[in-house]
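Q:
Residue numbers (our numbering), protein chains in the order written: chain A, 142 to 400; chain B, 72 to 409.
1) Give me the subset of the region 203-230 of chain B whose CB atoms are less than 7 Å from a CB atom of chain A, sorted by chain position.
2) In angstroms, rounded to a whole number, what distance separates the CA positions of residue 341 of chain A and residue 361 of chain A?
3) Output yes or no for whether 7 Å exceeds the beta carbon distance between residue 78 of chain B and residue 152 of chain B.
4) Using the three-state DSSP reduction, which class does residue 391 of chain B fall into: helix, strand or coil?
5) One question on the structure: do residue 314 of chain A and residue 328 of chain A come within less than 7 Å of each other, judged by their Cβ atoms?
6) When you compare only the Cα positions, how much space is there between residue 227 of chain B and residue 303 of chain A?
7) Considering only C-alpha positions, which residue in the set B:80, B:143 and B:83 is nearest to residue 288 of chain B?
8) Check the Cβ-Cβ distances between residue 188 of chain B and every residue of chain A, and say whether any is below 7 Å.
9) Here's the rule: buried if 16 or more other CB atoms are within 10 angstroms of the residue's CB, otherwise exposed. What is residue 352 of chain A?
10) Which of the residues in the region 311-341 of chain A, read from start to end, lie with their CB under 7 Å from any CB of chain B?
11) Within 10 angstroms of its Cβ, does residue 165 of chain A collect 16 or more other Cβ (buried), or is it exposed?
12) Give, in chain order, every unbroken run of the alpha helix (DSSP H) that is at least 4 residues long and sits entirely within the region 124-173 of chain B.
13) Identify the contact partners of residue 172 of chain A in chain B, using a Cβ-Cβ distance below 8 Å as the criterion.
14) I believe residue 258 of chain B touches residue 213 of chain B by the beta-carbon criterion, under 8 Å. Please report the beta-carbon distance rounded to the nearest angstrom.
15) Considering only DSSP beta bridges, list what residue 151 of chain A is partnered with.
16) I need the straight-line Cα distance from residue 381 of chain B to residue 263 of chain B, nearest angstrom please.
17) In whole angstroms, what separates the C-alpha of residue 197 of chain B from that of residue 173 of chain B?
18) With DSSP run on the structure shown, which of helix, strand or coil describes residue 315 of chain A?
19) Should residue 242 of chain A and residue 154 of chain A be called a contact, given that it needs their Cβ atoms to be closer than 7 Å?
20) So, do the region 190-201 of chain A and the region 165-175 of chain A have three or more beta carbon pairs nearer to each other than 8 Å?
21) Could you spell out where the beta strand (DSSP E) holding residue 401 of chain A opens and where it closes?
22) Ignore the nearest five residues each way along the sequence and tell me which others in residue 148 of chain B's own chain have a CB closer than 6 Å to its CB.
23) Step through the CB atoms of chain A and report whether any lies within less than 7 Å of the CB of residue 140 of chain B.
24) Listed in chain order, which residues of the region 248-259 of chain A have Cβ atoms closer than 9 Å to some Cβ of chain E?
25) Would you mind giving the Cβ-Cβ distance between residue 246 of chain B and residue 348 of chain B, rounded to the nearest angstrom? I have them listed as a contact below 8 Å.
26) Determine the direct distance from the alpha carbon of residue 157 of chain A to that of residue 184 of chain A, and round the result to whole angstroms.
27) Could you pull the start and end residues of the beta strand (DSSP E) that residue 252 of chain B belongs to?
28) With the cut-off set at 7 Å, would you say residue 401 of chain B and residue 360 of chain B are in Cβ contact?
29) Are there three or more Cβ pairs, one per stretch, closer than 8 Å when the region 255-263 of chain A is compared with the region 274-294 of chain A?
30) Could you give the distance in angstroms between the alpha-carbon of residue 284 of chain B and the alpha-carbon of residue 390 of chain B?
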């Protein structure tokens with residue numbers, strides 16, 4: 142293992158990165174979409190480096206069988222790190238700390254962790270978009286118009302132009318529940334990776350909203366805006382949508398809102 | 072000839088015995104592990120796989136996945152510096168006088184468009200190439216904070232507030248330069264443990280072979296510490312709900328210190344931290360500035376990376392001093408500009 146350690150680790154990490162970026166769209170659960178090309182390039186580069194390490198390990202093996210130098214090899218590596226207990230570096234096995242990389246790599250290869258859902262949403266205070274009250278650019282034509290939860294939310298709370306008025310809107314998100322029977326369509330927004338997720342949510346009302354779907358199930362809701370409270374104040378929050386239709390859907394490939 | 076033959080036979084025997092011992096030990100261990108896992112695994116897994124644990128794994132892998140391309144970029148640059156750039160280039164580019172070299176190196180941070188994972192390996196290879204540690208450290212701190220990608224992201228996150236971008240640039244650069252000068256004046260070589268090249272690289276100090284060997288070693292080494300940092304970040308991310316912050320928004324001093332502390336534990340990538348800062352409604356602009364200045368310079372992931380690269384003695388002294396300097400400089404800049 143000492144001889145092929147680096148090779149194994151590099152191939153494992155490269156394989157895990159390629160599995161979520163090239164061979165599936167799982168990467169969208171963890172990072173933003175724009176990172177895909179970089180992930181693919183990194184994965185390919187890591188595989189190449191792993192192969193190079195394997196070839197070197199094999200060559201060295203033949204070399205050693207002739208020279209019987211094996212024992213010295215290990216010691217030379219140890220001297221490099223000045224006795225730092227966590228990171229003895231072996232010429233071929235790679236530094237010991239590097240074995241931690243197997244944790245995320247195997248997780249991604251065998252059991253890719255799910256996208257963040259209602260648990261994270263309940264822990265984070267729903268963020269109100271940072272801008273102040275003002276008039277927004279006009280919404281594009283279309284009925285129903287597809288709109289993100291975050292976009293709906295900031296227009297409902299901050300738009301003095303009332304661009305949502307009289308429009309039929311459609312949005313997709315997962316279900317979270319509030320107190321006394323209210324429920325929300327919720328979506329997390331990821332800028333760089335899942336560690337920076339922020340949440341936006343819209344309360345669903347109307348006859349169609351009775352019999353709220355299960356927490357964490359995905360729904361597409363079509364409906365109209367219900368004005369509430371004074372713009373830009375706490376009273377306007379959370380925004381409300383009167384549902385005309387609630388449809389259960391499958392979790393979308395990109396579980397997060399784009400910025 | 073006979074001696075040679077005997078030696079081969081003995082070697083062969085030794086190899087066979089060793090292989091058998093490994094096979095028996097390994098096999099027994101595997102069988103034991105497989106039995107335990109297949110019996111206990113499903114029971115334990117269902118009990119332990121709560122939503123919190125699932126979220127922990129997601130955040131943990133997310134931080135690690137997100138760090139891989141940047142870490143690789145950093146190690147490619149650092150291995151290239153180690154293998155292809157001769158030492159005299161740096162001695163010519165940077166003035167001899169450390170007090171002068173520090174601000175130049177700090178401003179040079181503009182050229183590395185990555186987040187903080189990339190800058191640690193680069194700074195370490197700069198030091199190995201004979202750049203004064205003070206200058207390399209100024210570069211280490213400024214690169215992730217003031218590169219164009221980060222500044223553009225900041226201006227998008229704070230629309231109509233160019234002062235926020237300017238404040239971030241000034242406060243970050245000031246922190247980096249002050250830290251460089253502090254190191255030049257008070258720093259001690261023995262705190263800094265520079266990893267020497269591995270054997271493979273030392274035997275052929277330049278060229279493609281050294282590049283590949285350096286790349287493999289640096290990536291694996293830094294990658295291990297990245298995972299360590301990701302685990303710490305995920306733990307805090309799950310353990311500290313952000314709604315707790317609302318308690319502290321009342322006092323501007325407390326809120327500034329709180330956000331500066333949060334920047335350390337949340338480990339948000341420097342390209343994304345502006346958006347997180349912007350979404351922390353209810354905090355003063357100075358506090359948000361502190362969040363963005365501290366974040367790329369001191370966080371758990373970085374402390375882990377630095378401890379791995381430069382040694383623990385260095386990482387803790389350096390990170391705590393940097394935190395103080397960063398908080399001071401963002402307070403001053405925030406009071407002056409915002």
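A virtual CB, placed ideally from N, CA and C, is assigned to each residue, including glycine. Just so we're clear, the structure is a prediction, and the values are computed from it rather than from any experiment.
A: Reading off the structure:
1) Here the close residues are 230.
2) In the first chain, the residue the question calls residue 341 of chain A occupies position 200. In the first chain, the residue the question calls residue 361 of chain A occupies position 220. One C-alpha to the other measures close to 15 Å.
3) For the purposes of this step, residue 78 of chain B is taken as residue 7 along the second chain, with counting starting at 1. For the purposes of this step, residue 152 of chain B is taken as residue 81 along the second chain, with counting starting at 1. No, they are not a contact pair.
4) Position 320 of the second chain, counting from 1, holds the residue named residue 391 of chain B. Three-state result, residue 391 of chain B: helix.
5) Taking the first residue of the first chain as position 1, residue 314 of chain A is located at position 173. Taking the first residue of the first chain as position 1, residue 328 of chain A is located at position 187. Contact flag set, yes.
6) Position 156 of the second chain holds residue 227 of chain B. Position 162 of the first chain holds residue 303 of chain A. Each residue's alpha carbon lies about 24 Å from the other.
7) Counting from 1 along the second chain, the entry for residue 288 of chain B is found at position 217. Among B:80, B:143 and B:83, the Cα nearest to that of residue 288 of chain B is on B:143.
8) Numbered from its first residue, the second chain carries residue 188 of chain B at position 117. Put simply, the CB of residue 188 of chain B is far from chain A, with every gap to its CB atoms at 7 Å or more.
9) Position 211 of the first chain, counted from the first residue, corresponds to residue 352 of chain A. An exposed status is given to residue 352 of chain A, since fewer than 16 other beta-carbon atoms sit within 10 Å of its beta-carbon.
10) If the cut-off is 7 Å between Cβ atoms, the region 311-341 of chain A has 332, 333, 334, 335, 336, 337 and 339 near chain B.
11) For the purposes of this step, residue 165 of chain A is taken as residue 24 along the first chain, with counting starting at 1. Counting Cβ neighbours within 10 Å, residue 165 of chain A comes out exposed, since fewer than 16 surround it.
12) Restricted to the region 124-173 of chain B, the alpha helix (DSSP H) segments that are unbroken, complete and at least 4 residues in length are 158-164, listed in chain order.
13) For the purposes of this step, residue 172 of chain A is identified with residue 31 of the first chain, where counting begins at 1. Per Cβ cutoff of 8 Å: 133, 136 and 137.
14) Indexing the second chain from 1 puts residue 258 of chain B at position 187. Indexing the second chain from 1 puts residue 213 of chain B at position 142. With 8 Å as the limit, residue 258 of chain B and residue 213 of chain B do not qualify as a contact, their Cβ atoms being about 17 Å apart.
15) Your numbering for residue 151 of chain A matches position 10 in the first chain. DSSP lists no partner for residue 151 of chain A.
16) As a working mapping, residue 381 of chain B is identified with position 310 in the second chain. As a working mapping, residue 263 of chain B is identified with position 192 in the second chain. Rounded to whole angstroms, residue 381 of chain B and residue 263 of chain B show a C-alpha spacing of 6 Å.
17) Within the second chain, residue 197 of chain B is the residue found at index 126, counting from 1. Within the second chain, residue 173 of chain B is the residue found at index 102, counting from 1. Those two C-alpha atoms are separated by around 13 Å.
18) Your numbering for residue 315 of chain A matches position 174 in the first chain. If DSSP states are grouped into helix, strand and coil, residue 315 of chain A belongs with the strands.
19) Sequence index remark: in the first chain, residue 242 of chain A carries index 101 (1-based). Sequence index remark: in the first chain, residue 154 of chain A carries index 13 (1-based). A contact, by the Cβ cut-off of 7 Å.
20) As far as the Cβ criterion goes, the region 190-201 of chain A does not touch the region 165-175 of chain A, which means the pair count is below three.
21) Here chain A comprises residues numbered 142 to 400, so residue 401 of chain A is not present and cannot be evaluated.
22) Translated into the one-based positions of the second chain, residue 148 of chain B becomes position 77. So the qualifying residues of the chain are 193.
23) Walking along the second chain from the start, residue 140 of chain B turns up at place 69. Answer yes: the Cβ-Cβ gap between residue 140 of chain B and chain A drops below 7 Å somewhere.
24) Going by chain labels, chain E is absent from the structure shown, which instead holds the protein chains A and B.
25) As a first step, residue 246 of chain B must be located in the second chain, where it is residue number 175. As a first step, residue 348 of chain B must be located in the second chain, where it is residue number 277. About 16 Å separates the CB atoms of residue 246 of chain B and residue 348 of chain B; that is not less than 8 Å, and the two are not in contact.
26) Residue mapping note: residue 184 of chain A aligns to position 43 of the first chain, counting from 1. Residue mapping note: residue 157 of chain A aligns to position 16 of the first chain, counting from 1. Approximately 8 Å, taken between the alpha carbons.
27) If you number the second chain from 1, residue 252 of chain B lands on position 181. Residue range 233-257 is occupied by the alpha helix (DSSP H) that includes residue 252 of chain B, with no beta strand (DSSP E) assigned at that position.
28) Locating residue 401 of chain B in the second chain gives position 330, where the first residue counts as 1. Locating residue 360 of chain B in the second chain gives position 289, where the first residue counts as 1. It is a contact, given that the beta carbons lie within the stated cut-off.
29) Flag = no, the region 255-263 of chain A and the region 274-294 of chain A do not touch.
30) In the second chain, counting from the first residue as 1, residue 284 of chain B sits at position 213. In the second chain, counting from the first residue as 1, residue 390 of chain B sits at position 319. Taking the straight line from one Cα to the other gives about 29 Å.
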